[in-house]
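In the working numbering, the protein residues as written are 333 to 787. Note that beta-carbon positions come from the ideal geometry of N, C-alpha and C, so glycine has one too. See below for the structure under consideration.
Okay, structure coming up:
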């Protein structure tokens, strides 16, 4: 099955443009994207057609001597259908923004299921596609890669799971390793040197833990406290309490008060009374704490830190891209926290435009599909040398990278990606840009310094 709906008015998509459409970066700067004339006709909508006889979406309907057939594998039915449809909508927006008559987008439904993904990939292979966008889930990316790999057809998946990345099978998702490195580097540059972290249990947490240790060590700082917590809001109290060393600090306060009272002196008694009334504990032993969490769990963890006497006026709160959620602006304990993410202007413009077209805001991941499709369009516009392949590894992994909705990025030969991220601060009304994203890869040094763990 393919998408049950596309744009209600594809002419509207072709007529609208988004500032910052993906541009290939030149050695001396970023080259602007050239645009073909606006199309006169629109493609027909697909109506629950089977993957084998789907109606492809094409930027414009003119024939061309060198067509480019692009498969997009997504869960268009099943539990992940809403996300899958949003990704397809975003890719279709990019297709029409490209105004390139040679580009044809062929959607295939994976149903977020391994067997269906394998079948969809084989149908796409039979359709003669040149490159593949998606799938969404890590396991499905791996399955698709096994189908397309022997045919030397590159796959650009939307996962961020480094285990499925390999040469010819790329992942576009935001890597937590890079987000952690960026925010730790910035924190150290601002004078922080004693780090702690609350790490979620599971695969994501293991990746963050490894990246956190590497980044802190590389920057010459120290990890002085580390606790893990389960994915259950009712069971995160003890890990936060342990991280704050709350019981020992309480004991130390009681011991200090008792020692002062034992002196039986008016002055020391007054000091003891003040300490007892204030219940002010000694400072924790760290000056920065990483909380790589999002959603409801982050909303629980944030207030627990000051509850257990972690002074967030003295201890800098740090996060990952999971913090890139505007609803967190309504959480006062998180105000002043730093995290690494793309600068918000372009993604917000994309989200607004998407909402105008489709009536609802897309999930944050939708911009990845837009950028992936725009990358294909950008490479399709280039003039090829004799014998050069349009989607060769050398072209896909251009060392200068590309600029998209989410800023500067590049794909690496090992299938991973690198991104230029900004440092954002949570405030009541906005995510403030404290440190802008770099504009060129040679100008900054927080690329993955060690191979990402694939265990």
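> How many angstroms separate the CA atom of residue 641 from the CA atom of residue 653?
Replying inline: 26 Å
> Closest to residue 433 by CA distance: which of 411, 401, 459, 416 is it?
Replying inline: 401
> residue 666 and residue 634: beta carbons closer than 8 Å?
Replying inline: yes
> Which runs of the beta strand (DSSP E), 3 residues or longer, sit entirely within the stretch 689-775?
Replying inline: 734-736, 739-743, 749-751, 754-758, 763-767
> Within 8 Å (strictly less), CB to CB, does residue 629 reach chain D?
Replying inline: This model lacks chain D altogether, as it is built from one protein chain only.
>> Give me the DSSP bridge partner(s) of residue 651.
In response: 671
> Taking one C-beta from the stretch 436-455 and one from the stretch 472-480 each time, how about it: are there three or more such pairs within less than 8 Å?
Replying inline: yes
>> At the level of alpha carbons, what is the spacing between residue 398 and residue 716?
In response: 12 Å
>> What does the alpha-carbon distance come out to for the pair residue 696 and residue 582?
In response: 42 Å
> In angstroms, rounded to a whole number, what distance separates the CA positions of residue 416 and residue 472?
Replying inline: 13 Å
> When the Cα of residue 494 is compared with those of 757, 749, 767, 518, which residue comes out closest?
Replying inline: 749
> Short check: CB of residue 575 to CB of residue 530, under 8 Å?
Replying inline: yes
> Should residue 458 go down as buried or exposed, given a rule of 16 or more other Cβ atoms within 10 Å for buried?
Replying inline: exposed
> When the Cα atoms are used, what is the spatial distance from residue 741 to residue 508?
Replying inline: 15 Å
>> My output table needs one value for residue 572: the three-state DSSP class, helix, strand or coil.
In response: helix
> Unbroken alpha helix (DSSP H) runs of length 4 or more, entirely within the stretch 523-560: which are they?
Replying inline: 535-550
> In terms of residue numbering, what span does the beta strand (DSSP E) encompassing residue 441 cover?
Replying inline: 435-441
> Is there contact here, the stretch 514-533 with the stretch 492-506, by at least three beta-carbon pairs under 8 Å?
Replying inline: no
> Helix, strand or coil for residue 623 per DSSP?
Replying inline: coil
> Anyone know if the C-beta pair for residue 414 and residue 753 falls short of 8 Å?
Replying inline: no
> How is residue 375 classed by DSSP in three states: helix, strand or coil?
Replying inline: Only weak support is given to the placement of residue 375: the predicted model assigns it a pLDDT of 29, under 50, and the value that follows is read from those uncertain coordinates. Three-state DSSP puts residue 375 in coil, outside helix and strand.
> Can you tell me the Cα-Cα spacing of residue 513 and residue 755, whole angstroms?
Replying inline: 11 Å
> residue 511 by DSSP, collapsed to three states: which one?
Replying inline: helix
>> How far does the beta strand (DSSP E) with residue 419 in it extend, from its first residue to its last?
In response: No beta strand (DSSP E) contains residue 419, which is instead part of the alpha helix (DSSP H) from 413-430.
> Alpha carbon to alpha carbon, how far is residue 405 from residue 464?
Replying inline: 7 Å
> What are the partner residues of residue 406, as DSSP defines its beta bridges?
Replying inline: 441
>> So, at 8 Å on beta carbons, what are the nonlocal neighbours of residue 551 in its own chain, with the 5 sequence-adjacent residues on each side left out?
In response: 516, 517, 520
> Using the beta-carbon count (16 or more within 10 Å), is residue 738 buried or exposed?
Replying inline: buried
>> As a quick exercise: from 579, 637, 744, pick the residue whose alpha carbon is nearest that of residue 486.
In response: 744
> Hey, would you say residue 711 sits closer than 8 Å to residue 722, going by beta carbons?
Replying inline: yes
> What are the start and end residues of the beta strand (DSSP E) that includes residue 666?
Replying inline: No beta strand (DSSP E) contains residue 666, which DSSP labels as neither H nor E.
>> Give me, in chain order, the residues of the same chain whose beta-carbon lies closer than 6 Å to that of residue 636; leave out the 5 immediate sequence neighbours on both sides.
In response: 572
>> Strictly by DSSP, which residues pair up with residue 475?
In response: Paired residue(s): none; residue 475 is not in a bridge.
>> Residues in the same chain with beta-carbon distance under 8 Å from residue 534, minus the five sequence neighbours each way, listed in chain order, please.
In response: 563
>> For residue 567 and residue 759, I'd like the C-alpha separation in whole angstroms.
In response: 28 Å
> Run through DSSP, which three-state label would residue 660 get?
Replying inline: helix
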